[in-house]
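Take a look at the structure set out below.
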Amino acid sequence: MSDKKQNSPVPHLLAILLTLISTVFLFLVVLYNVPLSSSDRSNLSGRMWLLTVKPATSSGGDSYGFGIWGWCSWSDGGDGDCTNDSFWKITSSTEDVGILGLPKSIAQSMSTAAFLLTFNLVTSILLLCDLLYTIHFHSHAQPRIIAPLKLLPPKKIKMRTWHAQVLRNLWVCCLAVVFLLAWSVPVIVIVGVGAGDVDESWRGKVGLGWIFALIATILLIAVRVLLLMGGLWNNPSHSGRKK
3 MSDKKQNSPV PHLLAILLTL ISTVFLFLVV LYNVPLSSSD RSNLSGRMWL LTVKPATSSG
63 GDSYGFGIWG WCSWSDGGDG DCTNDSFWKI TSSTEDVGIL GLPKSIAQSM STAAFLLTFN
123 LVTSILLLCD LLYTIHFHSH AQPRIIAPLK LLPPKKIKMR TWHAQVLRNL WVCCLAVVFL
183 LAWSVPVIVI VGVGAGDVDE SWRGKVGLGW IFALIATILL IAVRVLLLMG GLWNNPSHSG
243 RKK
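Take the sequence shown: its letters are residues 3 to 245, numbered as in the numbering used here.
Right, here's the structure in full:
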């Protein structure tokens, strides 16, 4: 009886789709908050802010959005004003936003924690490339999830087959999830908890960027589980070994 077995392509293609969605979401979170150009002040209210702060009453006043690269303020029907500042921190004397009474966790730590999301964006792009590269990789069967893993491809194994072995390795998947959480959880917790602790004359709320970052994190974890449980799309007519 032949030991050659082709795995269903569905888990592999689904993993690609979920990773693509996560990559797009993280791309928007990282790059679509504070405008990179000083002349671009369009649609400030619709950008991927991690945190938004508005007046507690409907009597009017500026709204504020905080992202990785700084913050912006805007009013209905008025022009916005933005501050571009990497690794920003806010004190009570900071112009405009010092009056908001932001909790210390947000005012002092949110920007640094949010910057870690850029690492998730990079790893998500690399994962997407790896999944595309290993489509229909050569192997009679699925790589074992628990197996010794070499950091460099063995001379007798084809490169695509080795990449598939890495993707399916349990320890690699666990390590990837650990780093994913280490780079995502800080800002998710800081904003999620701190949004309700702004000065009582203001109303803090998690922004669309925070929601996208949370969804991307969940999807990337799901991809790792899918790779372990569902496997990759292989080509069983070849062993994956170099001749």
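From the three backbone atoms N, C-alpha and C, an ideal C-beta is built for every residue, glycine too.
Pairwise C-beta distances place the stretch 175 to 188 out of contact with the stretch 83 to 91, as fewer than three of them are shorter than 8 Å. Taken in chain order, the complete alpha helix (DSSP H) segments of 4 or more residues contained in the stretch 134 to 188 are 161 to 170.
Less than 8 Å separates the beta-carbon of TRP73 from that of THR85.
A distance below 7 Å between beta-carbons, with the five flanking residues on each side excluded, links ASP132 to the following residues of its chain, in chain order: HIS165 and LEU169. Its chain contains SER75 as the residues whose beta carbon lies nearer than 6 Å to that of ASP83, once the 5 sequence neighbours on both sides are disregarded; these appear in chain order. Of LEU102, ILE190 and PRO37, the smallest CA-CA separation from ILE220 is found for ILE190. With fewer than 16 other beta carbons inside 10 angstroms of its own, ARG146 counts as exposed. Minimum Cα-Cα distance from VAL187 among the listed residues SER203, THR21, PRO13 and ILE213 corresponds to ILE213. Boundaries of the alpha helix (DSSP H) around ARG226: 210 to 232. In the structure shown, LEU53 adopts extended strand secondary structure according to DSSP, grouped into three states.
Beyond the five residues adjoining it in sequence on each side, ASN9 comes within less than 7 Å, by CB distance, of GLN144, GLY233, LEU234, TRP235 and ASN236 in the same chain, given in chain order. Contact annotation: the stretch 50 to 60 touches the stretch 189 to 209, with at least three C-beta pairs closer than 8 Å. It is roughly 18 Å from the alpha-carbon of ALA215 to the alpha-carbon of ALA17.
When secondary structure is reduced to three states using DSSP, ASP132 falls in the helix class.
Taking C-beta atoms under 8 Å as the contact rule, LEU15 and ASN122 fail to qualify, at a distance of about 22 Å. In the three-state DSSP reduction, SER107 falls in the helix class (H, G or I). C-alpha of PHE181 to C-alpha of SER126: approximately 12 Å in a straight line. Boundaries around PHE29 are those of the alpha helix (DSSP H), 11 to 33, since no beta strand (DSSP E) includes it. Restricting attention to SER47, THR21, LEU230 and GLY69, the CA atom closest to the CA of PHE117 is found in GLY69. For the pair GLN167 and LEU151, the Cα-to-Cα distance works out to about 8 Å. Taking the Cα of LEU210 as reference, the smallest distance to any Cα among VAL31, ILE23, SER107 and THR114 is reached at VAL31. Distances from the CA of GLN110 to each of MET231, LEU172, LYS158 and ILE192 were compared; the closest alpha carbon is that of ILE192. For SER65, there is no enclosing alpha helix (DSSP H); the residue is found in the beta strand (DSSP E) stretching over 65 to 69.
Sixteen is the threshold: since fewer than 16 other Cβ atoms of the shown chains lie within 10 Å of the Cβ of THR93, the residue is exposed.
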